[in-house]
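This report concerns only the one structure given below.
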Amino acid sequence: MPSRILVVDDHDYIRHLLVRLLTSQGHQTSVATGGREALDLLSQQSFDLVLLDLIMPDMNGIEVLEQLRQQNIIYHTPVIVVSGVHDLDMVAQCIELGADDYLFKPFNDVLLRARVNASLERKMLRDYERAYLERRLRIIDHETSDEPATVTTPPATIDMALLTALDALERSQRERRRVEAELRRLNATLEERVAERSAAAEQSAAALRQQMLTQQSILDSIGDAIVVIDGDGRLLHVNPAARDLFGDRIVDLTPQATARASVLLLADDTSCPPDTLPLAVALRGEALDGAEFLLASPDSAKRWLSVTARPLRDPDGAISGAVAVFRDVTMTRQAAEALRASEERYALAAQAADDGLWDWDLTTGKIYFSQRWKASIGFQDHEIGNDPSEWFDRVHPDDCEGLEVRLVAYLHRLISGFEYEYRMRHHDGAYRWMSCRGIAVWNAGGQAVRIVGSQTDINARKLVEQRLLHEALHDSLTGLANRSCFMDRLEHVIARTRRGASSPFAVLFLDLDRFKLINDSLGHVVGDQLLIAIARRLERCLRPGDTLARLGGDEFAVLLEDLSEPQAALTVAERILRLLEEPFHLAGHEVFSSASIGIALNDSTRYHSPADVLRDADTAMYHAKMEGRSRYAVFHSAMHDRARHRLQIETDLRRGVERNEFFVVYQPIVELNTQQTVGFEALLRWRHPHRGIIGPTEFIDVAEETGLIVPIGQMVLREACRQLSEWRQRHPARTITMHINLSPRQIADPHLVDDTIALLNAYHLDADSLRLEITETAIIEHGDVASRVLMHLRSLGAQICIDDFGAGYSSLSYLHRFPIGTIKIDRSFISQIHHSHENAEIVRAIIALAHSLGMTVIAEGAETEEQLARLRSMSCPYGQGWLFARALEPAAATALLDAE
Numbered sequence: 030m031p032s033r034i035l036v037v038d039d040h041d042y043i044r045h046l047l048v049r050l051l052t053s054q055g056h057q058t059s060v061a062t063g064g065r066e067a068l069d070l071l072s073q074q075s076f077d078l079v080l081l082d083l084i085m086p087d088m089n090g091i092e093v094l095e096q097l098r099q100q101n102i103i104y105h106t107p108v109i110v111v112s113g114v115h116d117l118d119m120v121a122q123c124i125e126l127g128a129d130d131y132l133f134k135p136f137n138d139v140l141l142r143a144r145v146n147a148s149l150e151r152k153m154l155r156d157y158e159r160a161y162l163e164r165r166l167r168i169i170d171h172e173t174s175d176e177p178a179t180v181t182t183p184p185a186t187i188d189m190a191l192l193t194a195l196d197a198l199e200r201s202q203r204e205r206r207r208v209e210a211e212l213r214r215l216n217a218t219l220e221e222r223v224a225e226r227s228a229a230a231e232q233s234a235a236a237l238r239q240q241m242l243t244q245q246s247i248l249d250s251i252g253d254a255i256v257v258i259d260g261d262g263r264l265l266h267v268n269p270a271a272r273d274l275f276g277d278r279i280v281d282l283t284p285q286a287t288a289r290a291s292v293l294l295l296a297d298d299t300s301c302p303p304d305t306l307p308l309a310v311a312l313r314g315e316a317l318d319g320a321e322f323l324l325a326s327p328d329s330a331k332r333w334l335s336v337t338a339r340p341l342r343d344p345d346g347a348i349s350g351a352v353a354v355f356r357d358v359t360m361t362r363q364a365a366e367a368l369r370a371s372e373e374r375y376a377l378a379a380q381a382a383d384d385g386l387w388d389w390d391l392t393t394g395k396i397y398f399s400q401r402w403k404a405s406i407g408f409q410d411h412e413i414g415n416d417p418s419e420w421f422d423r424v425h426p427d428d429c430e431g432l433e434v435r436l437v438a439y440l441h442r443l444i445s446g447f448e449y450e451y452r453m454r455h456h457d458g459a460y461r462w463m464s465c466r467g468i469a470v471w472n473a474g475g476q477a478v479r480i481v482g483s484q485t486d487i488n489a490r491k492l493v494e495q496r497l498l499h500e501a502l503h504d505s506l507t508g509l510a511n512r513s514c515f516m517d518r519l520e521h522v523i524a525r526t527r528r529g530a531s532s533p534f535a536v537l538f539l540d541l542d543r544f545k546l547i548n549d550s551l552g553h554v555v556g557d558q559l560l561i562a563i564a565r566r567l568e569r570c571l572r573p574g575d576t577l578a579r580l581g582g583d584e585f586a587v588l589l590e591d592l593s594e595p596q597a598a599l600t601v602a603e604r605i606l607r608l609l610e611e612p613f614h615l616a617g618h619e620v621f622s623s624a625s626i627g628i629a630l631n632d633s634t635r636y637h638s639p640a641d642v643l644r645d646a647d648t649a650m651y652h653a654k655m656e657g658r659s660r661y662a663v664f665h666s667a668m669h670d671r672a673r674h675r676l677q678i679e680t681d682l683r684r685g686v687e688r689n690e691f692f693v694v695y696q697p698i699v700e701l702n703t704q705q706t707v708g709f710e711a712l713l714r715w716r717h718p719h720r721g722i723i724g725p726t727e728f729i730d731v732a733e734e735t736g737l738i739v740p741i742g743q744m745v746l747r748e749a750c751r752q753l754s755e756w757r758q759r760h761p762a763r764t765i766t767m768h769i770n771l772s773p774r775q776i777a778d779p780h781l782v783d784d785t786i787a788l789l790n791a792y793h794l795d796a797d798s799l800r801l802e803i804t805e806t807a808i809i810e811h812g813d814v815a816s817r818v819l820m821h822l823r824s825l826g827a828q829i830c831i832d833d834f835g836a837g838y839s840s841l842s843y844l845h846r847f848p849i850g851t852i853k854i855d856r857s858f859i860s861q862i863h864h865s866h867e868n869a870e871i872v873r874a875i876i877a878l879a880h881s882l883g884m885t886v887i888a889e890g891a892e893t894e895e896q897l898a899r900l901r902s903m904s905c906p907y908g909q910g911w912l913f914a915r916a917l918e919p920a921a922a923t924a925l926l927d928a929e
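Heads up, the sequence shown stops at 929 in my numbering, and the numbers go up one at a time, no gaps.
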């Protein structure tokens, strides 16, 4: 027969658990949720065993034991106390009140089974012993009864019956003693077995308690909040993290929550309904993984919780409770949001930077290429895989090795960074320049496991750089190499020659003759076209390996390498001169041009600097130009002497200006019919401290080049005005004019007009007493500027003279373009007036031209009476020359005026 056991416990989870365990062992169970209900059941029914909880709301276990003892139920119905109270005094009190055993919560099912079986066996033995004794006592009581017999028995029969009864009683007593001994033996065996089982149960209980303590310590040490409820939704366990997180609001997490506002909020800040709370969902048998809720906070600070909830099931699969784990993911969520924002910024930055990204997993050998990386070389996203060959097979063969070397060196930490520029084959077959940079990740062993980077299309920048480099090394007008490129090439040739690895070379320095005249007369557009056409002709004269450069303006240079003999350079120069003799047809004009060429050879001179070579070629070019232009000259060391002499003159000129070594002399200009002095030409002289008096022919060109002519010319203008003022005061009745030469640099001086006005005012002179002489060179070099300046001076009243007329270009256009009032015939015509009919006719024509234009004529260089007579016959009004007087110092000129 199955044992009937009453389970008394107010906790549904414990009660159901005990019932399940006892039922699984074949026992019949009844349940009571409190002490009073248990007493009622015990008074109505008999039970083989009672499992009694101590802590109950209506009547605790001690009170129940006292009632059972008073009702004597405790003596025939064993009670096992099952409680979480571990106090030994409480255990002793329960035993004194008649409890058969005491079992601690939480209990082990093995220990529980052993204790229950032991109690039931003890009860069975006690019931058996009690029944046996009662049966024996009834027999004895019946044998010794005084009730009168209804049938008269003979004494002998009585004696026999008595003897039989005594024998039976003796046998019964012996049997009783034997049974009692057997019972004692069985009871000892049972007690020993119970003791063994109890010891084992105690060990199991101790291990279970230790396991539960360990589990509780683990739960308490977990940083996540953990809440466990029973099947009725009541709290079973709450770890410290949960208490810290929720405080006194833990109960609001259970399905029994009564708070109006839930402790958990949904993502839209609304309260979470009770039936959707994680523990309520788990009690319905549903699992919840990583659901996120907001924790309601009085300070309005948002805290995000990630919740995982699971139902708890008994061995039969029935839901006996639920557990939920709450993790504060606020920081993780903020980090994720920050990471997402960072990724968005990175994506936007990468998109704005127009860079293609790549990510190479070195452990698998696969590369991720972004869509922009593929698009930068003209491919769709699906057209390129993730193999490194997709990258390296498209790199230009000349750049592939350099890329691989840089990459390997970086991955082996031989260089601090990876960055390289290379050409990559586009989908259209053309190569485009790319800039690649990357950064690697190394493992603990120092081995690179991953490298990520970007690739930027720099083709436009490279084209600009190439164009800028070309422009930096080439002339923008002609496309030829410029000075920088030419000097760099020449430096390499010199270095190679010094190592003996090259044949002799030569440099040709070309300067175009009369280019300024062409530029000013036909315009700069035609001038530029002429330079381009000359560049193309020069290219036809050279070999493919020769270097042709435009140094600037109308200057060109040619580098001839690997000459078989020096004469080869001269042959090239002659070929250039012949080719330039052919006319150029530019914008409807037929233009002729020539060049002066200087040649520097490296056959005997060992050059160390490209500047030295170009200097010598330039020096030779100037000598060629001085010898008559349209020719070439080969540099020799004597030219250095002349160059040094020129440098010395420049140095002395500067000192002479500082020391006021320059002075003015005056050559008379006379009326040829009366031979009366009508004016003077102010001429410059230099009183050199070592060389004595020096005429302007030795230094005027240097002064013009260096710009010293401007202060020197200003001094001449000032001294001439001062001297003229003195003579006008000395001879107020005479009309005396002063001729003053203006150099091209002076005409370009923006202060010339103001300085002239200041001197006229300072010395109280009329402007018409000044005759300002200019040369055709000044007009050619400063056409527009000269025209404005001369017009301004003429408007003041000063007369403008054109000096050395006929010796230069003698363009008749100058006579009507500029305010010319006087023509001075060049002395070269006057000196040959008796020996050359042609010269005489030229002089006659100039005089006639001047008369027809209303201009005054002065013949320069009259030295003989024959020349004077011839000039008079041609109606030339004025003359100047040694026939009348040499250039006189101021005192001598004053004496001349006084004598007249």
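Even glycine gets a Cβ: it sits at the ideal position worked out from N, Cα and C.
Would residue i pass as an interface residue toward chain C - the criterion being a Cβ-Cβ separation below 8 Å?
| i | result |
| --- | --- |
| Arg635 | Structure shown: chain C not included; a single protein chain is present. |
Going along the chain, which residues of its own chain have a beta-carbon closer than 6 Å to the beta-carbon of residue i, five neighbours each way excluded?
| i | result |
| --- | --- |
| Arg454 | Arg423 and Tyr460 |
| Ser881 | none |
| Thr181 | Residue confidence for Thr181 is low, a pLDDT of 48 falling below 50, so the modelled location carries little weight and cannot support an answer. |
Is the separation between the beta-carbon of residue i and that of residue j shorter than 8 Å?
| i | j | result |
| --- | --- | --- |
| Gly708 | Ile765 | yes |
| Phe534 | Asp647 | no |
| Ala827 | Asp797 | yes |
By a C-beta neighbour count over all protein chains shown, 10 Å radius and 16 as the cutoff for buried, is residue i buried or exposed?
| i | result |
| --- | --- |
| Asn631 | buried |
| His45 | buried |
| Tyr695 | buried |
| Ile722 | exposed |
| Gln96 | buried |
| His115 | exposed |
| Val111 | buried |
| Arg164 | exposed |
| Gln245 | exposed |
| Ser622 | buried |
| Gly883 | exposed |
| Asn548 | buried |
| Arg800 | buried |
| Ser772 | buried |
| Thr361 | exposed |
At the level of alpha carbons, what is the spacing between residue i and residue j?
| i | j | result |
| --- | --- | --- |
| Glu734 | Leu897 | 37 Å |
| Glu373 | Ala404 | 21 Å |
| Asp77 | Lys152 | 8 Å |
| Leu282 | Thr393 | 48 Å |
| Thr804 | Ile854 | 12 Å |
| Phe728 | Arg528 | 43 Å |
| Ala914 | Arg757 | 20 Å |
| Ser659 | Arg518 | 27 Å |
| Leu248 | Ile258 | 14 Å |
| Ala598 | Leu676 | 29 Å |
| Thr359 | Ala254 | 14 Å |
Leaving out five residues before and five after residue i in sequence, what residues of the same chain have Cβ atoms less than 8 Å from its Cβ?
| i | result |
| --- | --- |
| Arg452 | Val424, His425, Asp427, Asp428, Tyr460, Arg461, Trp462 and Met463 |
| Phe408 | His456 |
Skipping 5 residues on each side, what residues in its chain have a beta carbon closer than 7 Å to that of residue i?
| i | result |
| --- | --- |
| Arg873 | Met903 |
| Leu432 | Val424, Tyr449 and Tyr451 |
Legend entry - the region 499 to 514 / the region 608 to 626 touching (three or more Cβ pairs under 8 Å): With fewer than three CB-CB distances shorter than 8 Å, the region 499 to 514 does not count as touching the region 608 to 626.
Legend entry - the region 312 to 319 / the region 331 to 351 touching (three or more Cβ pairs under 8 Å): For the pair of segments examined, the region 312 to 319 was found to touch the region 331 to 351: the number of CB pairs separated by less than 8 Å reaches three.
Inset, instruction - Assess, as a yes-or-no matter, whether the region 478 to 495 is touched by the region 555 to 575 under the definition of 3 or more beta carbon pairs within less than 8 Å. - result: Segments in contact, no.
Inset, instruction - Specify whether the region 876 to 893 and the region 670 to 689 touch according to this definition: at least 3 beta carbon pairs, one from each stretch, less than 8 Å apart. - result: No, the region 876 to 893 does not touch the region 670 to 689.
Inset, instruction - Please confirm if the region 78 to 98 is in contact with the region 116 to 133, defined as three or more CB-CB distances below 8 Å between the two stretches. - result: The answer is yes - the region 116 to 133 touches the region 78 to 98, with three or more Cβ pairs under 8 Å.
Legend entry - Three CB pairs or more closer than 8 Å across the region 655 to 671 and the region 570 to 579: Cβ pair count under 8 Å is below three, so no.
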